[in-house]
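Q: Numbering (UniProt numbering), first residue to last: 1 to 710. Idealized CB from N, CA, C, for every residue including glycine. Since this is a predicted model, take the numbers as computed values, not measurements. One structure, pasted below without further comment.
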């Protein structure tokens, strides 16, 4: 009977059984990055669990036994506002704020020791050199310069870079057209001519009378489109050699040579000249910037043409716009939280409901925190970073910084600034009777707002992650605006996305930062932070195992999360310093102690970051070309001579690997004699058609071989 009951457990409690996946099974399916991620969560959970002891056992009783607020102010009595400025217990608040930082620092150090950093993603025998004159077309000039300036250095290969933005776009479009043509060629042989609507919004309109929504012959349309795009591609391929960039990749025989050259160019920006040669004036080597080259698979080739002023102007403009956008995204929550304090709310007394003034602002702010990473993710592509590693690292840092600004810093400070603004705007007696007081930063309602936010994230946020409504909405939208069946089949086949570690790190550390920022001033937030971390851990385990494809990560993403976790307790120290300055005065002993502990903590955080950089630099292996996470892809050709060719893929393989088929529009297309071999055509089309016809939408599609770099 007992064994039969155990066999029935998965049927009775399927959700609990699925979320209880063993670590070994999770790691074997999702890789070592999943192990690092869940170990990071373990450290945070244990740390916050330890924090619950002093927060609930020491700080909360001290706050509650204060005598500043009335007994009717139930929540306010749990905050630091209820402690008298004359009380000696405020020393405990400052001491525990520093103790929390030290404890968290030790936990993160232990976590870093628990995983071995991957080898550097840099290639040790190749240098990336910028500011090379674009009129140099002969690689022998570059080889001659290094041979004369650095005797004994043997250059094995020189790669020039070109502007391939248009070429890559045309290549993607023509491959899409060929897939569509192959699909409808196979379908036409089975069912006859197929008619389709080609307008992106054709699924919105069922009327065939409009010109833009009329049906066309699918095979003929894709054949003509493929022919047109191929002609444009070939024309652009002939012109691309004239679009050389001032960037080259130089590969040497030995990594010790690259190390010597890097040392020579390390201080060239300070006016120190590098080694000279007879062609120095031609190649202008004094203006070069030399760094270790990233792996070819890591380079985003279409972005290499965005340089200098244009890149920085674009970067500053995009992030300035995002900052103001996220600033105003926080104001709805603040407005609803404070709108019943002013004269403007008198006509709408019903808004004084706690559901509207307390729960809804937190829910609204949580919704904005869900939208924000998507906006940051899309903005990273507009910034045109040169490598995927840099792009992903920027996404992680930007998501965390903007989330902390939007959720912690701006609402905390904005509750005061928005009060002043609304009073000035709506209260005609404010300028005569009121004065600006920055003490409002530590209002009791401020802490309640963030406690509600953490509860909302724990109960609603993690539940929404299990439902994956965002992924479902994106999948439905892509299907809805697809123009043909091949597009829909392609969407179904590629619906299993990678687990976005950067986004999940940012969301989790954002809530962790809220907990750490208010763990002293509002200690009741700590147990709800523990609830969130536990719910987040269970949700992520389930999603990683069942819902997302395995992901390969660079070590920098995990280290960035560690640095952000170390930064989070500094917010609590900042809050204690602000409280001491505003409530006790800048010359109070507790203020000096808070300032001293903050400075010491910042020094410790910087030293820890610096030691982490040294640890990563010690992994430099000059003896051989290092294997990287990019070499682990199934399509990697690391054993071939072309695996480290610093040439855009579109220039290495200008001809498509799909077999062109005959089309009604042009029967001689893709052939020399006007008639393709029937056997090749049949096998290629049928194979492709079988692949498309067998595609089924499956929740949690398992792509063991997929290792797309995140």
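If contacts are defined as beta-carbon pairs under 8 Å, then residue 373 and residue 55 qualify, I think. What distance do you get, rounded to the angstrom?
A: Rounded, the Cβ-Cβ distance is 29 Å, inconsistent with contact.
Q: How close, in whole Å, do the beta carbons of residue 571 and residue 506 come, if the pair is a contact with beta carbons under 8 Å?
A: Wrong, their Cβ atoms sit about 15 Å apart, outside the cutoff.
Q: For residue 648, which residues in the same chain have their Cβ closer than 6 Å to its Cβ, ignoring the five residues on either side in sequence?
A: Result list for residue 648: 164 and 301, in chain order.
Q: Let me make sure I understand the geometry here. Which of 576, 584 and 588 has the alpha-carbon closest to that of residue 597?
A: Considering only alpha carbons, the answer is 576.
Q: Buried or exposed: residue 586, going by 16 or more other Cβ atoms within 10 Å of its Cβ?
A: Counting Cβ neighbours within 10 Å, residue 586 comes out exposed, since fewer than 16 surround it.
Q: Considering only residues of the same chain and omitting the five flanking positions on each side of residue 188, which have a CB-CB separation below 7 Å?
A: Answer for residue 188: 194 and 219, listed in chain order.
Q: Secondary structure at residue 47, three-state DSSP: helix, strand or coil?
A: Residue 47: helix per DSSP, three-state reduction.
Q: Apply the 10 Å Cβ neighbour rule to residue 170 and answer buried if 16 or more other Cβ atoms are within range, or exposed otherwise.
A: Result: buried.
Q: Does the contact criterion of 3 or more C-beta pairs under 8 Å hold for the segment 231–250 versus the segment 128–145?
A: The segment 231–250, when compared against the segment 128–145, does touch it at the 8 Å Cβ threshold.
Q: Excluding the five sequence neighbours on either side, which residues of its own chain have a C-beta within less than 6 Å of the C-beta of residue 600, listed in chain order?
A: If we look at residue 600 and ignore the five residues flanking it on each side, it has no Cβ neighbours.
Q: Can you name, in chain order, every residue of its own chain whose Cβ lies under 7 Å from the Cβ of residue 232, other than the five neighbours on each side?
A: So the list reads 170, once near-sequence residues are dropped.
Q: Is it the case that the segment 481–488 contacts the segment 543–557, given that we only count it when at least three CB pairs across the two stretches are under 8 Å?
A: No contact exists between the segment 543–557 and the segment 481–488.
Q: From the DSSP output, which residues share a beta bridge with residue 730?
A: In this structure the chain extends from 1 to 710, so residue 730 is not present and cannot be described.
Q: What would DSSP say about residue 128, mapped onto helix, strand or coil?
A: In this structure, residue 128 counts as strand in the three-state DSSP scheme.
Q: Can you pull the DSSP bridge partners for residue 289?
A: Per DSSP, 130.
Q: Just list the residues that DSSP pairs residue 195 with in beta bridges.
A: Answer is 217, bridged to residue 195.
Q: From the DSSP output, in three-state form, read off residue 569 for me.
A: Helix, per DSSP.
Q: Shortest alpha-carbon distance to residue 141 belongs to which of 283, 48 and 527?
A: The shortest Cα separation from residue 141 among 283, 48 and 527 belongs to 283.
Q: Look up residue 387 in the DSSP assignment and say whether it is helix, strand or coil.
A: Residue 387 falls in the strand class under three-state DSSP.
Q: Excluding the 5 residues flanking residue 264 on each side, which residues of the same chain have their C-beta closer than 7 Å to its C-beta?
A: 274 and 275.
Q: Would you call residue 197 buried or exposed, if buried means 16 or more other Cβ atoms sit within 10 Å of its Cβ?
A: Residue 197 comes out buried.
Q: Quick one: Cα of residue 457 to Cα of residue 595, how far?
A: Rounded to the nearest angstrom, the two C-alpha atoms are 32 Å apart.
Q: Mind checking whether residue 39 and residue 114 have CB atoms under 7 Å apart?
A: Cβ atoms of residue 39 and residue 114: closer than 7 Å.
Q: Whose C-alpha, out of 645, 606, 534 and 552, is nearest the C-alpha of residue 43?
A: Here the closest residue by C-alpha is 534.
Q: Hey, would you say residue 94 sits closer than 7 Å to residue 567, going by beta carbons?
A: It is not a contact, given that the beta carbons lie outside the stated cut-off.
Q: Is the distance from the Cβ of residue 303 to the Cβ of residue 386 below 7 Å?
A: Contact: yes.
Q: Considering only DSSP beta bridges, list what residue 498 is partnered with.
A: Paired residues: 549.
Q: Between the segment 74–89 and the segment 97–107, are three or more C-beta pairs nearer than 8 Å?
A: At 8 Å Cβ cutoff, the stretches do not touch.
Q: Kindly indicate which residue of 144, 37 and 472 has the alpha-carbon position closest to the one of residue 277.
A: That would be 144, whose Cα lies nearest to the Cα of residue 277.
Q: Could you spell out where the alpha helix (DSSP H) holding residue 301 opens and where it closes?
A: Here residue 301 belongs to no alpha helix (DSSP H), and DSSP marks it neither H nor E.
Q: Look up residue 586 in the DSSP assignment and say whether it is helix, strand or coil.
A: Residue 586: coil per DSSP, three-state reduction.
Q: With which residues is residue 308 paired in a DSSP beta bridge?
A: Note: residue 308 sits in no beta bridge, so no partner.
Q: Are residue 712 and residue 324 close, meaning C-beta to C-beta below 7 Å?
A: With the chain represented from 1 up to 710, any question about residue 712 goes unanswered, as that position is not in the structure.
Q: Is the distance from the Cβ of residue 525 to the Cβ of residue 454 below 7 Å?
A: It is a contact, given that the beta carbons lie within the stated cut-off.
Q: Determine the contact status of residue 578 and residue 544, defining contact as a CB-CB distance below 7 Å.
A: Taking 7 Å as the Cβ cut-off, residue 578 and residue 544 do not qualify as a contacting pair.
Q: Whose C-alpha, out of 192, 474 and 230, is nearest the C-alpha of residue 176?
A: Cα-wise, what sits closest to residue 176 is 230.
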